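Encoded as C-alpha cells, the structure appears first; notes follow it.
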Amino acid sequence: MAADSLITSPGAGAWSQADLPLQVDRLRFVWPSGQIALDDCSFAIPRPGLWMLVGGNGSGKSTLLRLIAGLLEPSSGQLLCNRKPALVFQNPDHQLLLPSCGSDVQLSLPPGLGAPQRHEQIALALEQVGLGGLQQRPIHSLSGGQKQRLAVAGALASRAQLLLLDEPTALLDQASQRDVLALVRQLCNPAARPAPGTPEGAGPGPITALWITHRLDELDQCDGAALVRHGRVGRWQDGSALRQRLNRLPLGRGER
Ligand SMILES: Nc1ncnc2c1ncn2[C@@H]1O[C@H](COP(=O)(O)OP(=O)(O)OP(=O)(O)O)[C@@H](O)[C@H]1O
Ligand SMILES: [Mg+2]
C-alpha cells in the first residue's frame, strides 16, 4: 500500500507511516455462508482522533470492527493495528457483566495490579467518563447514556488506545447521544489525559476512535469520515461535507 494512498485526511501530514494507528491493506472477509462482507478493503487511520464510518445496512462496518478487534480472522489481506483495541457495542447491556460500576470496570483492568492500584485506576476510569464516585452504584440503576459511558470506562481501564464504537448512540435519546459523543470527542482531543495506568507524558498519546454511525448529525464532530460501500472504506472526507452530501442523497438499499 503506497503511503500517499494511506494519508488522505486533513492534518495527517505531521504523522509518519509508522505512527498510523491502523492500516488495512486489501482486506477480504468471507463468512462461512459464502457471504462476502469485506472485499479489497484498504484504508488507514492517519492519526489519533475521532474517525467515523457511515454506510448502508450490510455494507460491512460491524464485520470490519470485529476484524480490527481480532474477533475474526481475515480471509486474506493485512491489518496492522498499532494500538490496543477495545469494542464498544450498540447495546451496553451486551457488554456490562457485573452488578456494580466498580466491579465491572475492574474486570477490564490488566492482571497483576495490587489492590491500591486497582482502586486508583477504577476511580480514574470512572472519573474520565463522568461517573466519578459511582463505584458502588448498581448498573441496573444507570441510564442508557451512563451505561454507555461505563462501557467506555471499561475500555479505558483495559488501556485500550483504539476505541471501536459500533453505533454507540443508536439506542440513546438525544441528550445521552450528545453526552456520549462529547465524551469520546474529548478523549480523542490531543490534550486528553492519558489512559489509567499510563504515566503523565508517557504512552502513545490521545485515544483514537473509530465510530460507526447511522446518525448523520454526528459526522459534524469527527476529524474525518468515510463512506463504507460494498465492503470497502472510501477516502476520508470532512465530516460536515459528507453529512451534507448524504442528506441530499439519503443512504438506501444496495450499499452492499
Ligand atoms: N454472523 C454472520 N454470518 C453470516 N453473515 C454475516 C454475519 N454477520 C454479518 N453477515 C453478513 O455480512 C455482511 C456485512 O454485515 P455487517 O453486519 O458487517 O454490516 P453492517 O454494515 O454493520 O450493517 P448494519 O448497518 O446493518 O449494522 C452482510 O451481508 C451480513 O448479512
Ligand atoms: Mg453493523
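Under the working numbering, the first residue of the sequence shown carries the number 32, and numbering increases by one thereafter. Every residue, glycine too, gets a C-beta built ideally from N, C-alpha and C. All figures in this text were calculated on a predicted structure; none of them were measured in a lab.
#### Entry: Cα-Cα separation between Arg149 and Ser134, rounded to whole angstroms
Reading the sequence shown from its first residue, position 118 is the one you call residue 149. Reading the sequence shown from its first residue, position 103 is the one you call residue 134. Taking the Cα positions, Arg149 is about 10 Å away from Ser134.
### Endpoints, alpha helix (DSSP H) assigned at Ala272
Locating residue 272 in the sequence shown gives position 241, where the first residue counts as 1. In the DSSP assignment, Ala272 falls within the alpha helix (DSSP H) that extends over 270–279.
### Query
How about the segment 105–119 and the segment 183–202: do they share at least three Cβ pairs that are nearer than 8 Å?
Between the segment 105–119 and the segment 183–202 there are three or more inter-stretch CB-CB distances shorter than 8 Å, so the stretches are counted as touching.
### Query
When burial is assigned at 16 or more other CB atoms within 10 Å of the CB, is Arg279 buried or exposed?
Stepping through the sequence shown from its first residue, residue 279 is reached at position 248. Burial is judged here by how many other beta carbons sit within 10 angstroms of a residue's own beta carbon; Arg279 has fewer than 16 and is exposed.
### Query
Got a sec: does ligand 1 put a non-hydrogen atom nearer than 7 Å to the Cβ of Gly62?
To locate residue 62, count along the sequence shown from 1; it is residue 31. Contrary to the premise, residue 62 reads as Trp rather than Gly in this sequence. Relative to ligand 1, the beta carbon of Trp62 is positioned inside 7 Å of a heavy atom.
### Task
Return helix, strand or coil for Gly145, following the three-state DSSP convention.
In the sequence shown, the residue the question calls residue 145 occupies position 114. DSSP, read as helix, strand or coil, puts Gly145 in coil.
### Cβ-Cβ separation, Cys253 to Trp62 (assumed contact under 8 Å), whole Å
Stepping through the sequence shown from its first residue, residue 62 is reached at position 31. Stepping through the sequence shown from its first residue, residue 253 is reached at position 222. Contact between Trp62 and Cys253 does not hold, since the beta-carbon distance rounds to 29 Å and is not under 8 Å.
### Message
Please classify Gly232 as buried or exposed, where buried requires at least 16 neighbouring CB atoms within 10 angstroms.
### Response
Indexing the sequence shown from 1 puts residue 232 at position 201. Here the model assigns Gly232 a pLDDT of 43, short of 50, so the residue's position is not dependable and the matter cannot be decided.
### Query
Which residues have a Cβ closer than 7 Å to any heavy atom of ligand 2, listed in chain order?
Going along the chain, the residues that qualify are Lys92, Ser93, Asp197, Glu198, Ile243.
### Query
CB of Gln179 to nearest heavy atom of ligand 1: below 7 Å?
Position 148 of the sequence shown, counting from 1, holds the residue named residue 179. Checking every heavy atom of ligand 1 against the Cβ of Gln179, none is found closer than 7 Å.
### Message
DSSP three-state label for Ser107, please.
### Response
In the sequence shown, residue 107 corresponds to position 76, counting from 1. Ser107 falls in the strand class under three-state DSSP.
### Task
Pick out whichever of Ala222, Pro147, Arg274, Gln179 has its Cα sitting closest to the Cα of Leu203.
Working through the sequence shown from its first residue, we reach residue 203 at position 172. A check of alpha carbon separations from Leu203 across Ala222, Pro147, Arg274, Gln179 identifies Gln179 as the nearest.
### Query
Does the beta carbon of Asn122 fall short of 7 Å from some heavy atom of ligand 1?
For the purposes of this step, residue 122 is taken as the residue at position 91 of the sequence shown. False, no ligand heavy atom lies under 7 Å from that Cβ.
### Task
Decide if Glu104 is buried, meaning its Cβ has at least 16 other Cβ atoms within 10 Å, or exposed.
As a first step, residue 104 is located in the sequence shown; it is residue number 73 there, counting from the start. So Glu104 counts as exposed.
### Query
In three-state DSSP terms, what is Gln66?
Your numbering for residue 66 matches position 35 in the sequence shown. Coil, per DSSP.
### Query
According to DSSP, which residues form a beta bridge with Thr94?
Translated into positions along the sequence shown, residue 94 becomes position 63. The partner list for Thr94 (beta bridge, DSSP) is empty, contrary to what the question assumes.
### Query
Mapping DSSP to helix, strand and coil, what is Gln54?
Indexing the sequence shown from 1 puts residue 54 at position 23. Correct three-state label for Gln54: strand.
### Close Cβ partners of Ala272 (< 6 Å) along its chain, the five nearest in sequence each way excluded
Taking the sequence shown and counting its residues from 1, the one referred to as residue 272 is at position 241. Result list for Ala272: empty, nothing under 6 Å.
### Message
Could you pull the DSSP bridge partners for Val215 from this structure?
### Response
For the purposes of this step, residue 215 is taken as the residue at position 184 of the sequence shown. Its beta-bridge partners do not exist; DSSP assigns none.
### Query
Quick one: what's got a C-beta closer than 6 Å to Leu111's C-beta in the same chain, skipping five residues either side?
As a working mapping, residue 111 is identified with position 80 in the sequence shown. Excluding five sequence positions before and after Leu111, the CB atoms of its chain that fall closer than 6 Å to its own CB belong to Gln54, given in chain order.
### Task
Would you mind stating whether Pro79 and Pro237 have Cβ atoms separated by less than 8 Å?
Walking along the sequence shown from the start, residue 79 turns up at place 48. Walking along the sequence shown from the start, residue 237 turns up at place 206. In contact: Pro79 and Pro237 (Cβ atoms closer than 8 Å).
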